[in-house]
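As given, the protein sequences belong to chains A and B, one line each in that order. What the first sequence shows, in the working numbering, is residues 938 to 1250, in sequence order. What the second sequence shows, in the working numbering, is residues 938 to 1250, in sequence order.
Protein chains: 2
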Amino acid sequence: LPEWDESCPFCPGNEAQTPNELLRLPALETLPWQVRVVPNRFPALSLDGDIMMKEEGRLLRKRPGVGVHEVIIETPSHNIPMALMTYEQVESVLIAYQERYKALREDRRLKFITIFKNHGWASGTSLVHSHSQLVATPVAATYYRQKLDVAMDYYDDVGRCLYCDLITEELERAERIVAETEEFVLLHPYASRVPWESWIIPKGHWASFGQFPTALLHHLAMILRDTLFCLYKCLDNPAFNYTIETSTTELEEDPSYHWHLRILPRLTTIAGFEIGSGMYINIQMPEDTAELMRKKACSFPGDQCPTLKRATS
Amino acid sequence: LPEWDESCPFCPGNEAQTPNELLRLPALETLPWQVRVVPNRFPALSLDGDIMMKEEGRLLRKRPGVGVHEVIIETPSHNIPMALMTYEQVESVLIAYQERYKALREDRRLKFITIFKNHGWASGTSLVHSHSQLVATPVAATYYRQKLDVAMDYYDDVGRCLYCDLITEELERAERIVAETEEFVLLHPYASRVPWESWIIPKGHWASFGQFPTALLHHLAMILRDTLFCLYKCLDNPAFNYTIETSTTELEEDPSYHWHLRILPRLTTIAGFEIGSGMYINIQMPEDTAELMRKKACSFPGDQCPTLKRATS
């Protein structure tokens, strides 16, 4: 890919194609800007309309698509994926995520804020210039509520956070741990949904990404960038999605949930069995892929991927 | 595609590549056989092992992959998709589904039997020769239990089957109905997960596909083949998955659940938002796609696609 593409709406000089800028992190050195956040040009949702449900006959209900759909343009460079960015650049992206999260939770209609990234054609993205998205909605889906409910049931039963206990147990067993830093654990979860699924979990307990101290975002930038770099090298620049799995905006102080960042490489295709049954066939054990990542990190020359190398050596 | 492919394990003459045949429907006219059912050569599960869960530390549990994974070879012809088969051929496939279902439910370890089909590269299939698969497991996934639970809650509350009520309501409103036959309704469900999602629902109440009268399978064969034919023509041979959504083997007499066949064309890619939030963005309204299918069916010359044409004219 070229460093700059005349026809790319995210490239410098084409800012007029993405109007109503919501946030701009200013330039470092020779760059025109560092990160821009703009409304999605083809938004799935808009802030107009009533959030109340309407009955449609006896069984069916609908509500207008009230919400927000934004794009985080992660870099002015057309051809730099996050795996190859500097730590400072990734930190700026994370700062932009958190600033937008905090701005949007002020709108009391918005209860659930999903921040995610699609990288590579198989991930569902249509633009190659590195970017993430944010969607804020008045509801969490039943699927997501279930995750929260499982954690809350555990808390009610045991009196501790499920994720805090999981981190302790995984660190003891060490089989699925890829790296451990001062603030984070990188692991391949037990019974992973897809091969090479990778979770970055903060060691400290915060239910919401919005509560995570901004001053610690450089720790997240380091482990996130190094994780993506290692996946890039292990799997030859794989397509992936990542999502920040966080509490609803109403439960940010929740003692039972624990935000984390979940990376799902798109190496296989979900087919009829998964769709029909809700069970997932994973052809690679997380214990094996965690070991492959640890070994790969140790093989990098010099000071490449220091977070993973230091943690695993 | 050629009619016969020397290197295809499903083509006649290569039967030795798929040994331990479980079922063969005998030849009609000049065909060597009509349908064959064989074990999957790369099975996700096997019948060896204990189905009990084992603890792994304090939080994690596992069980051996006990179950059955079979392949239904739908036709001896290498190049005939189900959309272009004769009704008799499709009926034979359905008879094979049901025979295998009934044989497997006799094994009391197997509680959940998923029958599904992947068609086209984007559906996750690796072999082009038309085939379906069957997976039988000792458990239903939480995802599927939820479907059953929602229907059971409705039954407890209202005293009627949710799906029976849905059929009545949809037929009254008529917006999402594509076709209605003596035994079946074809509709695009309200708030469809994906564009052109199509459900074939029996009008009569049976919780389980295993309880559906074999004598009525030719009705299903007609509407299934015509639905796939119409999708083939509307969307230029789209990739799709279909699944037979049926009760667990223990609840085949359940008054609250109602089996149906669900077709999901693979026109779009699930991306980070769907993965993270559990909500699905559908860019085409089911009311619009149902109308497109009705119109398309009426445009077919002669007696093509009679089930849909008769029902909609």
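Idealized CB from N, CA, C, for every residue including glycine.
Please state if the CB of residue j and the CB of residue i are separated by a distance shorter than 8 Å.
| i | j | result |
| --- | --- | --- |
| A:Thr-1164 | A:Ile-1137 | yes |
| A:Leu-962 | A:Ala-1033 | yes |
| A:Arg-1113 | A:Leu-1099 | no |
| A:Tyr-1194 | A:Leu-1188 | yes |
| B:Glu-1109 | B:Ala-1144 | no |
| B:Val-975 | B:Thr-955 | yes |
| A:Asn-1055 | B:Gly-1239 | no |
| B:Leu-1309 | B:Glu-1120 | Because chain B is modelled from 938 through 1250, residue 1309 of chain B falls outside the range shown and cannot be assessed. |
| A:Val-1131 | A:Ile-1104 | no |
| A:Ala-1176 | A:Gly-1002 | no |
| A:Val-1027 | A:Arg-1162 | yes |
| B:Gly-1213 | A:Thr-1051 | yes |
| A:Phe-1237 | A:Ala-1020 | no |
| B:Ala-1078 | A:Gly-1215 | yes |
| B:Ser-1060 | B:Arg-1203 | yes |
| B:Arg-1000 | B:Met-990 | yes |
| A:Arg-995 | B:Glu-1106 | yes |
| B:Glu-1224 | B:Tyr-1217 | no |
| B:Leu-1047 | B:Glu-1007 | no |
| A:Asn-1219 | A:Ser-1135 | no |
| B:Ile-1010 | B:Phe-947 | yes |
| A:Trp-1133 | A:Gln-1221 | yes |
Name, in chain order, the residues that DSSP records as bridge partners for residue i.
| i | result |
| --- | --- |
| A:Ile-1200 | A:Ser-1135, A:Tyr-1179 |
| A:Phe-1121 | A:Pro-1139 |
| B:Arg-973 | B:Arg-961, B:Ile-1010 |
| A:Lys-1039 | In the DSSP output, where bridge partners are listed per residue, A:Lys-1039 has none listed. |
| A:Leu-997 | A:Glu-993 |
| B:His-1056 | B:Phe-1177 |
| A:Val-1003 | A:Ser-983 |
Taking Cβ-Cβ distances shorter than 8 Å, what residues in chain A pair up with residue i?
| i | result |
| --- | --- |
| B:Tyr-1179 | Gly-1209 |
| B:Leu-1201 | Ile-1212 |
| B:Glu-1182 | Gly-1213 |
| B:Glu-1106 | Gly-994, Arg-995, Leu-996, Leu-997 |
DSSP state of residue i, grouped into three classes?
| i | result |
| --- | --- |
| A:Lys-979 | Inspection of the sequence shows that residue 979 of chain A is occupied by Phe rather than by Lys. It is coil, neither helix nor strand. |
| B:Arg-1247 | helix |
| A:Ala-1033 | helix |
| B:Ala-1088 | helix |
| A:Ser-1236 | helix |
| A:Ser-1069 | strand |
| B:His-1015 | coil |
| A:Thr-1164 | helix |
| B:Arg-1045 | coil |
| B:His-1156 | helix |
| B:Thr-1051 | strand |
| B:Ala-1116 | strand |
| B:Thr-1074 | strand |
| A:Phe-1210 | helix |
| A:Pro-952 | Just to set this straight, residue 952 of chain A is Glu in the shown sequence, not Pro. Here A:Glu-952 sits in helix by DSSP. |
| B:Thr-1105 | helix |
| A:Thr-967 | coil |
| A:Gly-1147 | helix |
| A:Arg-1097 | coil |
| A:Pro-939 | coil |
| A:Tyr-1169 | helix |
| A:Leu-1021 | helix |
So which residues of chain A does residue i contact, with C-beta pairs closer than 7 Å?
| i | result |
| --- | --- |
| B:Arg-1110 | Gly-994 |
| B:Tyr-1034 | What B:Tyr-1034 touches in chain A: nothing, since even the nearest Cβ is about 13 Å away. |
| B:Tyr-1081 | Ser-1214, Gly-1215 |
| B:Ala-981 | Ile-1218 |
Since residue i meets chain A, which of its residues come closer than 9 Å, beta carbon to beta carbon?
| i | result |
| --- | --- |
| B:Lys-1252 | A query on residue 1252 of chain B cannot be resolved here, the shown segment of chain B reaching from 938 to 1250 and no further. |
| B:Gln-1241 | By Cβ distance, chain A contributes nothing, its closest Cβ being about 27 Å from B:Gln-1241, past 9 Å. |
Along chain B, which residues have their Cβ under 7 Å away from the Cβ of residue i?
| i | result |
| --- | --- |
| A:Tyr-1127 | Leu-997 |
| A:Ala-1078 | Ser-1214, Gly-1215, Met-1216 |
| A:Glu-1007 | Under the 7 Å cutoff, chain B gives no residues; its nearest Cβ is about 12 Å from A:Glu-1007. |
| A:Thr-1051 | Phe-1210, Gly-1213, Ser-1214 |
Since residue i meets chain B, which of its residues come closer than 9 Å, beta carbon to beta carbon?
| i | result |
| --- | --- |
| A:Asp-1102 | Arg-995, Leu-996 |
| A:Thr-1186 | None at all; the shortest Cβ gap to chain B is about 14 Å. |
Anything in chain B within Cβ reach of residue i, meaning under 8 Å, just list it in chain order.
| i | result |
| --- | --- |
| A:Ser-1060 | Thr-1206, Ala-1208, Gly-1209 |
| A:Val-1072 | Phe-1210, Ser-1214 |
For the region 1211 to 1233 of chain A, enumerate the residues whose C-beta is nearer than 7 Å to any C-beta of chain C, in chain order.
Among the protein chains of the structure shown, namely A and B, there is no chain C.
Between the region 1065 to 1085 of chain B and the region 1002 to 1014 of chain B, do at least 3 Cβ pairs fall closer than 8 Å?
The answer is yes - the region 1002 to 1014 of chain B touches the region 1065 to 1085 of chain B, with three or more Cβ pairs under 8 Å.
Would you check if the region 1169 to 1183 of chain B and the region 1021 to 1036 of chain A touch, i.e. whether three or more CB-CB distances between them fall below 8 Å?
no
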